[in-house]
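In this note's numbering, each residue's number is its place in the sequence shown (first place is 1) plus 30. Built from N, CA and C at the ideal position, the CB exists for glycine as well. The structure displayed is predicted, hence computed values, not measured ones.
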Amino acid sequence: MSVRRISLAAAFAIVASAASAAPPLTAQGWGKLRIGMREREAVRLFHLRVPKGLGPDSFECRQDQLPSQPGLNVMAERGVVTRITMDGDSQLQTDRGLGLGAREADIRRAYGPTLKIAMTPYEEEPAHQLIFWTAHGKRGVRYDTNVAGSVEAIYVGSRSITYIEGCS
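Okay, structure coming up:
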């Protein structure tokens, strides 16, 4: 009976863990936070912190904070979500199982020859920007690595993943 209770408890723990697991970052977004959705809807659903003085209908480009996920920021342009940035202490992963701290070699293996590799504008080799574009080239995932070869930031979304400093 004791073994049965332990087995049952373990099964419930596994199911609960799977149900509460965070969705992966993809070129399309993060769970219900989708690239292309209206910023107003994202603010309502995720309680995004919008910079003071700018309402969710502003046509300015800006980055909103996602309070429930430290290290995750949402870029909106002309009232539409165009990019999600992961940096800092975020523990999330992409749909390829890669997160902050991942090795460049693992990214290259995960994406193969479809990966576009470029130098970073502010760090010397061997730091890189590694970008994967979906089949239609409208959405992508960008990994920024440092000189040690580990991922410092991940960007998912539209062409705005190529912006270097915020909205430019």
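Three-way DSSP call (helix, strand, coil) for residue i in this model
| i | result |
| --- | --- |
| V73 | helix |
| I194 | coil |
| T175 | strand |
| R68 | strand |
| L145 | coil |
Integer Cβ distance of residue i from residue j, believed to fall under 8 Å
| i | j | result |
| --- | --- | --- |
| A183 | T115 | 7 Å |
| G101 | D117 | 6 Å |
| D119 | P54 | At roughly 17 Å, the Cβ-Cβ gap does not stay under 8 Å, so D119 and P54 are not in contact. |
| Y185 | R108 | Contact flag wrong, Cβ pair sits at about 18 Å. |
| T164 | A157 | That pair is no contact at about 25 Å. |
| Q121 | V104 | 18 Å between Cβ atoms; not a contact. |
| I191 | G170 | 5 Å |
For residue i, the residue or residues it bridges with in DSSP
| i | result |
| --- | --- |
| R79 | Q95 |
| L63 | W60 |
| S180 | R133 |
Classification of residue i by the beta-carbon crowding that lies within 10 angstroms, buried from 16 upward
| i | result |
| --- | --- |
| R159 | Note on residue identity: the sequence assigns Gln, not Arg, to residue 159. Classification of Q159: buried, given that the 10 Å Cβ count is 16 or more. |
| R35 | Only weak support is given to the placement of R35: the predicted model assigns it a pLDDT of 49, under 50, and the value that follows is read from those uncertain coordinates. Looking at its Cβ environment, which holds fewer than 16 other Cβ atoms inside 10 Å, R35 is exposed. |
| G59 | buried |
| R172 | buried |
| L75 | exposed |
| R139 | exposed |
| A148 | exposed |
Checklist entry - Enumerated in chain order, which unbroken segments of the alpha helix (DSSP H) with a length of 4 residues or greater are wholly contained in the region 99-141? => result 134-141
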